[in-house]
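Protein sequences appear in the order of chains A and B. So the first sequence is residues 4 to 271, counted in my numbering. So the second sequence is residues 102 to 508, counted in my numbering.
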Amino acid sequence: MNRIENAFAKAKSEGRGAFVSYVCAGDPDQETSLDVCRALIRSGVDILELGVPFSDPLADGLTNQLAAQRALEAGTTQEDVFDLVRGIRKENDEVPIVFYTYYNLMFSNGLEEYIKQANAAGVDGLLVLDLPPEEAEDHMDACEKYGMKTVFLLAPTTPPERAKYIASHATGFVYYVSRTGVTGVRSDLAADLQEKVALLRTATDKPLVVGFGVSKPEQVEQICRLADGVVVGSAIVNTIKDNLGDKNTTLEKMETLVSGLVGGTKVS
Amino acid sequence: MSENNAGVLDKENLPDSGGHFGEFGGQYVPETLMTALDNLGKEYDIARKDPEFIKELKFYLKEFAGRPTGLYHADRLSEELGGAKIYFKREDLLHTGAHKINNAIGQALLAKRMGKKRVIAETGAGQHGVATATVCAKLGLDCVVYMGAVDMERQKLNVFRMRLCGAEVRGVESGQKTLKDAVNEAMRDWVTNVEDTHYILGSALGSHPYPMMVRDFHRVIGQEVRHEILEKEGRLPDELVACVGGGSNAIGLFYEFLEEPDIRMVGVEAGGHGIEIGQHAARFEGGRLGVLQGCKTYILQNDDGQIELTHSVSAGLDYAAIGPEHAYYRDQGRIEFAYATDAEVMEAFQALCRTEGIIPALESTHALAYVLKRAPEMRKDQILVMNLSGRGDKDVNQVAKLLGEDI
């Protein structure tokens, strides 16, 4: 079993949904970013989703845009992002690391070479925001070659037939974006979430995680009752934004927040 | 030219069903938009063959926009340059002052047909925004236009025109606050409001079906030119010239003539302060293959794949990617590309005002700057047609400032 399968199996065996945390690599700087990942692991997250900072993150809301901007302004390069992964892997060989990225960053200097490097650094899966399966043939071939897992998005606007088609291309897991819109914290979950997730359940038996707008333990619990896991991003990123220049407070607040959220994953 | 013809003869089959022009184009968007793009493509495919839709489109192009536009012999300029006989396709005389209205009308009618009550658009120079705002006023659609804060400052007049027509203009403060950032913000809006909103993209760019659809709505430019030049000269031109930001006015002119092997076609990009990183927007000078905002094409980017900053005196050309169809025909050797610097553009702008009494948009003036160099190299019996895609009323404040005049 690979790290991603392990993580879902382990959470399931503990009667929990898997907790996927998102932060942007290099936010607010390279050194703090490694400490942030350590804090997330200490807080009990099951999968680390690392945003690769891009100059034009068109699927992201303001919180993640600013995170990417902070990372790029701090000078984060693609090599730094791989370094961060290598840094995590030195200490932890268990937690799966999934890149949350935009296609140009992978394609620009040779797709296959990029996937090879990511794999060598210790990345387990790739979620490419602007790459639907229709355009992903080369991507999937290269991922298969290097044992990299693919993650694809499903949206509220995705018809059931298409959901099946997309899920059939995912070798890691599928990620249901529970709302139309960009990333960011919302106060409530989508009204039709239960119905939608139930429908997706019939479309695929791949691990299914739900995200977009989740910020409270109650929401985490609600989602984990429906799906295999939950993704929290902006709420975590906000603890970086709100405590810039004060690393200890950032890490402290983040651990408190994430431990609480992870607590919400217990459903049986 | 035999290699060209192989690709060119196939032009009606381009793009393929997934929006690919060879290796360019495609659909690189978040999943939330895939169904909307699919529906848009299907609806467009029905509409383009529907006599009612075609009739309505023609009606608005004639009665609202003022088509057909003239093909104008710039005799004083031709004489001064001493070479080719120069004609301008007068898209600058259209309602709202540029070719952009052709596409805005087409897409707004399509939005109405799809039952969408809200329209969003991005704009650089403001010409597409103004065109969209006026059409939305005319058709009773809600309209929100995204515009980079830097562009709002340099195109104040157009911001006011949009607001007069009832559009909400939202300033974009992210990135370098120009066209690319306005597109990002419009995409974010569309991702959020996709159920009731149509995004009227203003250039031959982005995800399929936009590059194809925008091209089709501008094809009328080249179709009219064929008719007009045959009437005036009894033969086709030797060379066609147009400025290229995303490339809508250029593909609108060129498309009709792609199969004519004897006609040279030149797209003129923005050379800005000169070809150094961050100082220009000439994608074929230092750009490389990449994916941005929905399509695969030539893009100005750094070694890491981050999109480079761009610069041009004209907001409408200040963009890091070029339309995928242009990238394709450039690689086929069918369309050639040149660039004009800000300084050359300022010279050309004044030259046209002086010789022909025409104040051109700074975007179109890039094509003109090339013509000033090119025409003297051509023979007097040769014919050059330039797309004068927009008028310069919007630019006079900026030009005055650059010339050190206080108005």
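Just so it is clear, CB atoms sit at the ideal spot from N, CA and C, and this is done for glycine as well.
Asn122 of chain A and Arg168 of chain B have their C-alpha atoms roughly 57 Å apart. For Gln222 of chain A, the enclosing alpha helix (DSSP H) starts and ends at Pro220 to Leu229.
Nearest CB-CB separation between Gln120 of chain A and chain B: not below the 9 Å threshold.
Judged by DSSP in its simplified three-state form, Ile91 of chain A adopts helix. Closer than 7 Å at the C-beta level to chain B, one finds these residues of the stretch 146–163 of chain A: Leu156, Leu157, Ala158, Thr160, Thr161 and Pro162.
Counting only runs of at least 4 residues, the stretch 39–102 of chain A fully encloses the following alpha helix (DSSP H) elements, listed from N- to C-terminal order: 65–76 and 81–94. Residue ranges of uninterrupted alpha helix (DSSP H) with 4 or more members, entirely inside the stretch 236–265 of chain A and ordered along the chain, are 237–244. Counting the other Cβ atoms within 10 Å of the Cβ of Met487 of chain B gives 16 or more, which makes it buried. Around the C-beta of Leu359 of chain B, 16 or more other C-beta atoms lie within 10 Å, and the residue is accordingly described as buried. In summary, Gly113 of chain A is exposed, with fewer than 16 beta-carbon neighbours lying within 10 Å of its beta-carbon over all protein chains present.
The C-beta distance from Val55 of chain A to Ala28 of chain A rounds to 6 Å, short enough to fall under 8 Å.
Burial is judged here by how many other beta carbons sit within 10 angstroms of a residue's own beta carbon; Ala343 of chain B has at least 16 and is buried. Annotated as proximal: Val98 of chain A and Leu51 of chain A, with beta-carbon spacing under 9 Å.
Separation of Glu448 of chain B and Cys237 of chain B (C-alpha to C-alpha, rounded to the nearest whole angstrom) is 36 Å. In the structure shown, Thr197 of chain B adopts helical secondary structure according to DSSP, grouped into three states. In this structure the stretch 204–223 of chain A does not lie against the stretch 77–88 of chain A, because fewer than three pairs of beta carbons, one per stretch, are closer than 8 Å. Less than 9 Å separates the beta-carbon of Met263 of chain B from that of Thr224 of chain B. The beta carbon of Tyr25 of chain A sits no closer than 9 Å to any beta carbon of chain B.
Excluding the 5 residues flanking it on each side, Ala10 of chain A has same chain C-beta neighbours closer than 6 Å at Ala21, Asp49, Ile50 and Pro99, in chain order. Per the DSSP secondary-structure output, Ser118 of chain B pairs with nothing in a beta bridge. Remark: C-beta atoms of Ser181 of chain A and Leu196 of chain A approach each other more closely than 9 Å. Cβ neighbours of Gly119 of chain B within its own chain (closer than 7 Å, five residues either side excluded): Gly127, Gln128 and His309.
Under the three-pair Cβ rule at 8 Å, the stretch 236–255 of chain A counts as touching the stretch 66–74 of chain A. Between Gly125 of chain A and Tyr178 of chain A, the gap from beta carbon to beta carbon reaches 9 Å or more. Considered as a whole, the stretch 124–160 of chain A harbours 140–149 as its complete alpha helix (DSSP H) runs of no fewer than 4 residues, in chain order. In this structure, Ala230 of chain A lies away from Pro131 of chain B, with their beta-carbon atoms at least 9 Å apart. In the DSSP assignment, His299 of chain B falls within the beta strand (DSSP E) that extends over Thr298 to Tyr300. Taking 9 Å as the cut-off between beta carbons, the residues of the stretch 376–392 of chain B near chain A are Arg389, Leu390, Gly391 and Val392, in sequence order. The three-state reading of DSSP puts Cys266 of chain B in coil, since its state is none of H, G, I, E or B. Here Asp297 of chain B has Lys217, Lys218 and Arg219 as same chain residues with Cβ atoms under 8 Å from its own Cβ, once five neighbours each way along the sequence are excluded.
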